[in-house]
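Numbering (full-length UniProt numbering), first residue to last: 1 to 379. Working notes, structure below.
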Amino acid sequence: MGGGWRASLAALTHPSSGRQLRLLVAFVLLHNFKPSEPFLVEWLTTTDGGAPGMSTRDVYARLFPVFTYSRVPSLAAIALASGAFGPKASVVLGAACALTTVVITASCRRSFAALAASQATVALSFASHHALLGLVFSTTDPATHPAAAHATKAATMASCALSALCGQAMRSWMNAPLSRLFVASAIAQAAAVVAATALDAGNPAVSTRQRARRSNPGVPTSSNPGVPTFRPRRSSGGWWRLLTSGPAVWAWSAWSVGCAPAHSFAATNWQTLIIPRRRGPGMNGWFSATQYACAGAAAMVAGDLAYRDDRDDGHSGFALTSTPFIASGALAVASVAAGRRDLAAALALLAFNCVFEATSCVCAANVGRHARAAAEEEE
1 MGGGWRASLA ALTHPSSGRQ LRLLVAFVLL HNFKPSEPFL VEWLTTTDGG
51 APGMSTRDVY ARLFPVFTYS RVPSLAAIAL ASGAFGPKAS VVLGAACALT
101 TVVITASCRR SFAALAASQA TVALSFASHH ALLGLVFSTT DPATHPAAAH
151 ATKAATMASC ALSALCGQAM RSWMNAPLSR LFVASAIAQA AAVVAATALD
201 AGNPAVSTRQ RARRSNPGVP TSSNPGVPTF RPRRSSGGWW RLLTSGPAVW
251 AWSAWSVGCA PAHSFAATNW QTLIIPRRRG PGMNGWFSAT QYACAGAAAM
301 VAGDLAYRDD RDDGHSGFAL TSTPFIASGA LAVASVAAGR RDLAAALALL
351 AFNCVFEATS CVCAANVGRH ARAAAEEEE
């Protein structure tokens, strides 16, 4: 099973793991719906809502670095929590941190300490996305891993695009104050916490046969060899088996280490590269929506092409060697054009985001496949 549109839709109706994947897609749709996100810097630097605004320099020199410095400790904390309590617990924690971040940002603009704390909580929320991938691969059928990786990524990008459109429409057409956008974000994050608690934790005691019969009594299970079955698994101590399972894991890990920090930095600071030239509500929402919509489409196209020949590695060689150069070139263009040619900078950032998001799906699917194999060998 590949990772394109048709494969993703088929995975959503898979007899053994379709329900879990539908819940995961619903969760990421809610978790990433934040109409206030494209206007964060505007919220922090204006007096909308009555609170004194920070200077743009303070936002980028004092506040956002707290998020940057919190990333590694947050990743370590999520890794330890996932190992001790399972990935679902980390996903629920990340959803709660996202809600906390929105509430603090909306209500505590007068306190730099509170805003700094919100950057730490959002770092935890971002780190929990890795636990979400672990939950995806430990609770879905291995045959659906590429489709699950690309479907959840497409849902993430679609939610980000729709929320950006919603926020921009509220600002441009409804003249809504920025505070109202944060209210909408908080409602979505509260719903995401509820959705996270409904996810399957991967309890091995619940067999696939019971799950399939509960959803459709007529669906054959392990008695029919034509229908592959599996048993959801908890995360275990097979990390060393994973790292030594083959060169593909090392290669994709190196790709992620090299490209993910650049993506994180660009996602955090892109609003300072593109400066609107017009008065009134900025155009950040329109650009953000376009960027995420294109990235989601790129993820689906990559899912259609990467597994076309039923290769396990998803054309890893081409993706591993070409995408870092394409991504770095796009970032170089964006940095040179920033402040002088905003359209060129915006297009370069869009290209960078599309390349990274599409390739990260293939990366996740490959590492997930090896992780599942390592867990099965351990048992």
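Quick reminder that beta carbons are idealized off the backbone N, C-alpha and C, glycines included.
Counted within 10 angstroms of its Cβ, other Cβ atoms place residue i as buried (16 or more) or exposed
i      : result
Tyr69  : exposed
Ser111 : exposed
Asn284 : buried
Leu343 : exposed
Phe287 : buried
Phe265 : exposed
Leu9   : exposed
Ala212 : Summary for Ala212: the model assigns pLDDT 42, below 50, so the residue's position carries little reliability; its value from the coordinates is reported in the next sentence. Looking at its Cβ environment, which holds 16 or more other Cβ atoms inside 10 Å, Ala212 is buried.
Gly258 : exposed
Ala337 : buried
Ser322 : exposed
Ala330 : buried
Thr47  : exposed
Residue i - DSSP class collapsed to helix/strand/coil
i      : result
Thr140 : coil
Ser55  : coil
Leu199 : coil
Pro35  : coil
Ser8   : helix
Thr321 : helix
Pro15  : coil
Trp270 : helix
Gly94  : helix
Cys363 : helix
Arg180 : helix
Met157 : helix
Pair within 7 Å by beta-carbon distance, residue i and residue j
i      : j      : result
Gln189 : Leu99  : yes
Ala7   : Ala147 : yes
His150 : Cys294 : no
Gln271 : Val41  : yes
Ala289 : Ala164 : yes
Phe182 : Gln119 : no
Phe85  : Ala195 : no
Phe126 : Thr268 : no
Pro35  : Ser179 : no
Tyr292 : Ala191 : no
Gly296 : Ala158 : yes
Ala262 : Ala358 : no
Gly303 : Gly4   : yes
Val367 : Ala348 : no
Gly167 : Pro38  : yes
Cβ shell of residue i (< 6 Å), same chain only, five flanking positions each side left out
i      : result
Leu320 : Ala251, Trp255
Ser90  : Ile78, Ala81, Ser82, Ser128, Ala131
Ile326 : Val355
Asp200 : Gln20, Thr139
Leu75  : Ala127
Own chain partners of residue i with C-beta closer than 8 Å, once the 5 adjacent residues on each side are dropped
i           : result
Val25       : Leu12, Ala151, Thr152, Ala155
residue 389 : Summary: the structure shown does not reach residue 389, with the chain confined to residues 1 through 379, and so no result is reported for it.
Thr56       : Val41, Thr45, Thr272
Neighbourhood of residue i by C-beta distance below 7 Å, restricted to the same chain and skipping five residues each side
i     : result
Ala96 : Val193
Val59 : Val41, Leu44, Thr45
Residue i beta carbon near the ligand HEM (any heavy atom closer than 6 Å)
i     : result
Ala84 : Inclusion of the ligand HEM in the displayed structure is not the case, the ligand content being empty and no account of it being possible.
Residue-level contact to chain D via CB, residue i, 7 Å cutoff
i      : result
Ala201 : Looking at the structure shown, chain D is missing, and only one protein chain is on hand.
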